[in-house]
Amino acid sequence: MKLESLKYGYQPSSLLVSSLSSYWPAGVTDDLARQDWALTDVREQLDLGAWQAATTDLPRDPYVNRRWKRMSWLALDEDGEMKEMGPCPMAQGGAFNDAASMADRLRYYAPLTEAFMARADVKSFVKAWARLWGLQANEPILMQITGVRGEGQVDPLQGQGIHADGCKALSIMVVRRENLAGGENHLYVDKAGSRRLADLSLAPGDVLHLRDDKLFHSVDAITQQDPRVPFERFIVIINSRFVDPFQNRILRRHFPEAILHDAGR
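All letters in the sequence shown, in the order written, are residues 104 to 368 by this note's numbering.
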């Protein structure tokens, strides 16, 4: 299945509250229930240009070559508003990330900027995303802006290949994609890639929602097109309900009152 772009039409559903259906079309929840993934876009819900500007001051990733990144731990409070939980390292066990530069390590990153987190469209996105997945107050949400830029060719996954992120709720939004070929997303039924479910080319503003505990995913290598101009591909990754025991141990250490999910795949 080859999907270059997809936008669902609004469909009435008694299962959706108005605050949810006003942000995510009904087709998103239907597809997540039916096939464990859904593709939509948020170009009308946020200022994409302002989000793209947030990619210009990202620090270099100290653990992965040719990558830039910021990340913050968020949650809903008791009133359903977004709050920042404070610092906590990213931790992925080898069962979920077998790249030598990342597996079984604590990784510390600079937080998302105060100016970005104060934006109304950022808060609306996080709250709508949490409602889509039915999150409760104090369930940790990891939000990252990350990506690659440069010349020649690069593997955006830096050796992860076909993988899962160790959570139940995962969404990927392309923020910037310039001067490149490749970078196509693929979905599979297992880590071996024995059956491919979808091939997806995401444009800026497109969002791919995944039940990460049900599917595996990968991204193709990126190749610079015009040799005179560096390529850029930056994405937002937002996920929650972690099933990686390593990450949950670290979350419990930093956020003793957080609601965690320890059930495995």
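Each residue gets a CB set at the ideal place from its N, CA and C atoms; glycine is no exception.
(request) State the DSSP-derived secondary structure class of Gln195, mapped to helix, strand or coil. (result) As a working mapping, residue 195 is identified with position 92 in the sequence shown. Gln195: strand per DSSP, three-state reduction.
(message) Whole angstroms are fine: how far does the CA of Arg137 sit from the CA of Asn241?
(response) Numbered from 1 along the sequence shown, position 138 holds the residue referred to as residue 241. Numbered from 1 along the sequence shown, position 34 holds the residue referred to as residue 137. C-alpha separation (whole angstroms): 28 Å.
(message) Could you give the first and the last residue of the continuous beta strand (DSSP E) run that contains His357?
(response) For the purposes of this step, residue 357 is taken as residue 254 along the sequence shown, with counting starting at 1. Taken as a continuous stretch (DSSP letters only), His357 belongs to no beta strand (DSSP E), being part of the alpha helix (DSSP H) at Pro348 to His357.
(request) For the beta strand (DSSP E) holding Val278, just list the boundary residues, first then last. (result) As a working mapping, residue 278 is identified with position 175 in the sequence shown. Segment Cys270 to Glu281, the beta strand (DSSP E) holding Val278.
(request) Determine the closest residue to Trp232 out of Val346, Gln350, Gly253 and Ser125, with distance taken between C-alpha atoms. (result) Sequence index remark: in the sequence shown, residue 232 carries index 129 (1-based). With distances taken between Cα atoms, Trp232 lies closest to Ser125.
(request) Measure the CB-CB distance between Val277 and Leu305 and report whether it falls below 9 Å. (result) Here residue 277 refers to the residue found at position 174 when the sequence shown is read from its first residue. Here residue 305 refers to the residue found at position 202 when the sequence shown is read from its first residue. Taking 9 Å as the Cβ cut-off, Val277 and Leu305 qualify as a contacting pair.
(request) Using a threshold of 9 Å, state whether the C-beta atoms of Ile265 and Ile338 are closer than that. (result) As a first step, residue 265 must be located in the sequence shown, where it is residue number 162. As a first step, residue 338 must be located in the sequence shown, where it is residue number 235. Contact flag unset, no.
(message) Classify Val145: buried if its beta carbon has 16 or more other beta carbons within 10 angstroms, exposed otherwise.
(response) For the purposes of this step, residue 145 is taken as residue 42 along the sequence shown, with counting starting at 1. Label assigned to Val145: buried.
(request) Put Ser175 into one of helix, strand or coil per three-state DSSP. (result) Taking the first residue of the sequence shown as position 1, residue 175 is located at position 72. Here Ser175 sits in strand by DSSP.
(request) Could you have a look at Ser343 and say whether DSSP puts it in helix, strand or coil? (result) The count along the sequence shown starts at 1 and reaches residue 343 at position 240. Ser343 falls in the strand class under three-state DSSP.
(message) On a Cα-Cα basis, can you pick out the residue from Asp180, Asn168 and Leu209 that is closest to Lys226?
(response) Here residue 226 refers to the residue found at position 123 when the sequence shown is read from its first residue. Between Lys226 and the set Asp180, Asn168 and Leu209, the nearest pair of CA atoms involves Asp180.
(message) Helix, strand or coil, according to DSSP, for Ser297 in the structure here?
(response) To locate residue 297, count along the sequence shown from 1; it is residue 194. In the structure shown, Ser297 sits in coil (DSSP, three-state: anything other than H, G, I, E or B).
(message) For a quick check, are the C-beta atoms of Asp224 and Gln327 less than 9 Å apart?
(response) Numbered from 1 along the sequence shown, position 121 holds the residue referred to as residue 224. Numbered from 1 along the sequence shown, position 224 holds the residue referred to as residue 327. Going by C-beta atoms, Asp224 is not nearer than 9 Å to Gln327.
(request) Along the beta strand (DSSP E) that carries Ala141, what are the first and last residues, could you check? (result) Walking along the sequence shown from the start, residue 141 turns up at place 38. It spans Trp140 to Asp144 - the beta strand (DSSP E) in which Ala141 sits, taken as one unbroken run.
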